[in-house]
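Below: the structure, in structure tokens.
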Amino acid sequence: MAIVKYTNVSVYSSEVEGFKDNQSVTVDTETGKIIGVNDDVQAVDEVVDMDGKYMTPGIMNAHTHITSIPTYWWRDGEEDRHSNSREFNTMYAVKNMEDMINHGVTYIRNVGAPYDIDVEIREMQKKGFVKGPRVMASGQAFSITGGHGSDGGYEVDGVDEVIKGVRTALKNGVDNIKMMVTGGVLKNGETPDDIQFNMDEVKAAVREAHHKNKTVAAHVQGAEGVKEAVEAGVDTVEHAFNIDDETIAMMKEHGTTVVPTLNAMYAIYQYGEGTVPDWARKKVIVNIKKHFASIKKAAAAGIPIAMGTDAGTPYNGFESESAYEMQLYVDKADMTPAQAIDSATFNCARAMHVDNEFGSIEVGKYADFIVMNDNPVEDIKVFQRDNDVYQNGVRVHASRVVADVKEDKRVTEAAI
Ligand SMILES: [Zn+2]
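According to my numbering, the sequence shown is numbered sequentially starting from 219.
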């Protein structure tokens with residue numbers, strides 16, 4: 219427990235201001251918070267020279283499934299994750315948590331976990347029993363009977379069942395409600411364009427969650443589903459394959475944030491041939507270009523983008539994928555590297571309603587940050603390297619000496 223001053227460090231400030239050289243950041247490791255930036259606090263226990271390196275806030279990922287296995291789901295063409303036991307899912311969650319923090323992810327919003335496992339993991343992380351990012355938990359997701367994700371969560375139909383379900387989830391300690399509003403890719407017999415929950419049901423969920431100051435995240439893919447969710451007042455729309463001008467106007471009116479999860483689609487496109495069933499991969503092939511164009515349009519229109527990967531879908535894991543998602547925003551959605559950084563820090567914090575304590579390097583916020591040898595505004599791929607990671611002002615992952623020669627495992631780019 220100590221006051222530590224990190225000096226001679228280049229600190230990321232914002233998209234407009236970029237990095238500021240030769241800064242100092244003073245932290246109190248007892249509270250875990252930043253107590254000074256370029257301050258003249260004299261009574262420090264330790265001074266650490268950061269050698270001119272680059273510091274950004276830790277990565278925040280607004281869309282994860284920590285209980286899932288990113289690969290090897292598909293045996294004989296059947297998805298097997300939902301037949302897994304509570305113990306199996308919990309063990310994976312613990313492993314995935316550690317992988318994430320070692321790759322710079324310091325806060326996640328988990329949006330769907332069987333048995334409410336993420337609620338328990340959140341508490342275990344707080345107590346220090348589980349190494350990993352802080353967790354905002356959604357518990358089990360909400361689906362219509364037989365709808366998207368219905369094997370692992372609440373199956374509810376009609377306004378009364380939605381109200382009962384949301385109140386039950388809140389009673390069980392969730393921070394966010396996840397509503398599967400449309401069909402999706404990874405369930406056979408439905409399409410991303412299918413509307414599942416109707417407007418009244420989504421509005422009921424939003425009303426109940428907002429009464430308790432909790433947020434609602436909507437899985438929505440097709441154009442009409444996105445409009446329904448935005449109109450119903452959800453806080454974030456996840457995926458969003460078809461954002462058009464009308465949707466952008468609606469999002470501006472309602473203050474909606476978009477969580478793209480581009481790598482969920484791209485990973486299946488790149489690596490899923492022969493393992494991910496054809497019925498699922500076909501939906502990716504039909505929608506992936508639309509998805510990229512949709513996010514590009516939203517970003518260009520100034521709609522807030524909060525980084526989320528959908529970690530836990532096939533070939534989309536818990537290591538450098540969060541950093542890779544940021545690269546996809548630059549490569550496929552025409553965002554600047556600084557906009558990609560903001561999407562994974564401040565925009566997530568704001569969408570998760572924790573921006574008073576997270577998402578930037580400022581006095582009063584938690585001292586969760588990444589320290590890199592090179593400037594990620596010049597090359598967003600720097601985030602994918604093995605970097606130093608700090609949580610509560612303490613280094614929790616040290617990069618190896620050979621960090622800079624580590625090759626990105628994704629050596630091929632799929633042509634889209
Ligand atoms: Zn998801």
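Ideal Cβ positions, reconstructed from N, Cα and C, are used throughout, including at glycine.
Just mark H366 as buried or exposed, buried being the case when its beta carbon has 16 or more other beta carbons within 10 Å.
-> buried
Closest by C-alpha distance to Y224, when choosing among I559, E264, V444 | E264
Hey, D453 and A569 are a contact pair by Cβ (cut 8 Å); roughly how many whole angstroms apart?
-> 7 Å
Rounded to whole angstroms, how far is the Cβ of H283 from the Cβ of N328, which I believe are closer than 8 Å?
-> 7 Å
So what does T282 bridge to, in DSSP terms?
-> N328, A529
How long is the line joining the alpha carbons of I521 and T249, rounded to whole angstroms?
-> 34 Å
Please classify D586: does DSSP put it in a helix, a strand, or coil?
-> coil
Would you list, in sequence order, the uninterrupted beta strand (DSSP E) runs of no fewer than 3 residues that lie entirely inside the stretch 338-388?
-> 352-354
If we ignore side chains and look at the alpha-carbon of each, how far apart do G364 and T386 end up?
-> 20 Å
Measuring alpha carbon to alpha carbon, tell me which of S232, F536, E537, I559 ends up nearest Y547.
-> I559
What do you reckon, is the C-beta of Y330 under 8 Å from a heavy atom of ligand 1?
-> For clarity, residue 330 is Gly in the given sequence; the question names Tyr instead. Checking every heavy atom of ligand 1 against the Cβ of G330, one is found closer than 8 Å.
Simplified DSSP state of S561, which is helix, strand or coil | helix
Starting from the C-beta of S617, find all residues in its chain whose C-beta is less than 6 Å away, skip the five residues before and the five after it, and write them out in chain order.
-> D604, N605, D606
Whole-angstrom C-beta distance between P478 and I513, which should lie under 8 Å = 5 Å
DSSP state of F536, grouped into three classes?
-> coil
Where does K223 sit, in a helix, a strand or coil, going by DSSP?
-> strand
To the nearest angstrom, how far is it from the Cα of G236 to the Cα of E379?
-> 48 Å
Would you say A447 and I395 are within 9 Å of each other, going by their C-beta atoms?
-> no
Starting from the C-beta of I253, find all residues in its chain whose C-beta is less than 8 Å away, skip the five residues before and the five after it, and write them out in chain order.
-> I221, T244, V245, D246, V259, V581
Three-state secondary structure (DSSP) at S512?
-> helix
Report the residue from K470, I503, G473 whose alpha carbon sits nearest the alpha carbon of I486.
-> I503
Touch test, the stretch 574-591 against the stretch 321-339, Cβ-Cβ under 8 Å, three pairs minimum = yes
Please state if the CB of P410 and the CB of G370 are separated by a distance shorter than 9 Å.
-> no
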